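S.K.: Input: one structure, supplied below.
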Amino acid sequence: MDESTVADAIESEIEAANATVTRPRAYEDEQADAHYAAVVVSPAFAGESIVNRHQMVYDAVGDAMTTEVHALEITTYTPAEYDAEDNEE
2 MDESTVADAI ESEIEAANAT VTRPRAYEDE QADAHYAAVV VSPAFAGESI
52 VNRHQMVYDA VGDAMTTEVH ALEITTYTPA EYDAEDNEE
C-alpha cells in the first residue's frame, strides 16, 4: 500500500475529505515498515472530538490498519481550522 492508496481510502470514506499522506520516516523494503502520516481536512470533523476524528480516519483505512499499515500518524482539521492554522504560519 502506498501513500496515494491510503489517501484515496480516506477521501472515499470521509465526507468531502482532502487527505495528504506521506511517509514520515525512511521506508526500508526489507522491513516492510509501513509508517504513514496523514493530514485530513473535512467538514465531517466539525463538532467531533480528536478521538472520534481519528477513529473516522482509522475506519476509512479499514482492514489495511491490521495488515498493510504498521502505523498512522493523524492530524485532522475542519476547513475553518485548517485555514486558521495556515494563517498562523
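Here the working numbering is used: the first residue of the sequence shown is 2, the next is one more, and so on.
Glycine included, C-beta positions come from ideal geometry on N, C-alpha and C.
Please read all numbers here as calculations on a predicted model, not as lab measurements.
Would you call T77 buried or exposed, if buried means 16 or more other Cβ atoms sit within 10 Å of its Cβ?
M.R.: The residue you call residue 77 lines up with position 76 of the sequence shown. Buried, because 16 or more other Cβ atoms sit within 10 Å of the Cβ of T77.
S.K.: Please report the straight-line C-alpha distance between R24 and A45, rounded to a whole angstrom.
M.R.: Your numbering for residue 24 matches position 23 in the sequence shown. Your numbering for residue 45 matches position 44 in the sequence shown. Distance between the alpha carbons of R24 and A45: 25 Å.
S.K.: Report yes if the CB atom of T21 is closer than 7 Å to the CB atom of A47, and no otherwise.
M.R.: In the sequence shown, the residue the question calls residue 21 occupies position 20. In the sequence shown, the residue the question calls residue 47 occupies position 46. No. Outside cutoff.
S.K.: Measure from the alpha carbon of I93 to the alpha carbon of each residue in V42, A61 and S50, then state which is nearest.
M.R.: Summary: the structure shown does not reach residue 93, with the chain confined to residues 2 through 90, and so no result is reported for it.
S.K.: Which stretch, first to last residue, makes up the alpha helix (DSSP H) that contains H55?
M.R.: As a position in the sequence shown, residue 55 is number 54, starting the count at 1. First-last of the alpha helix (DSSP H) with H55: I51 to V62.
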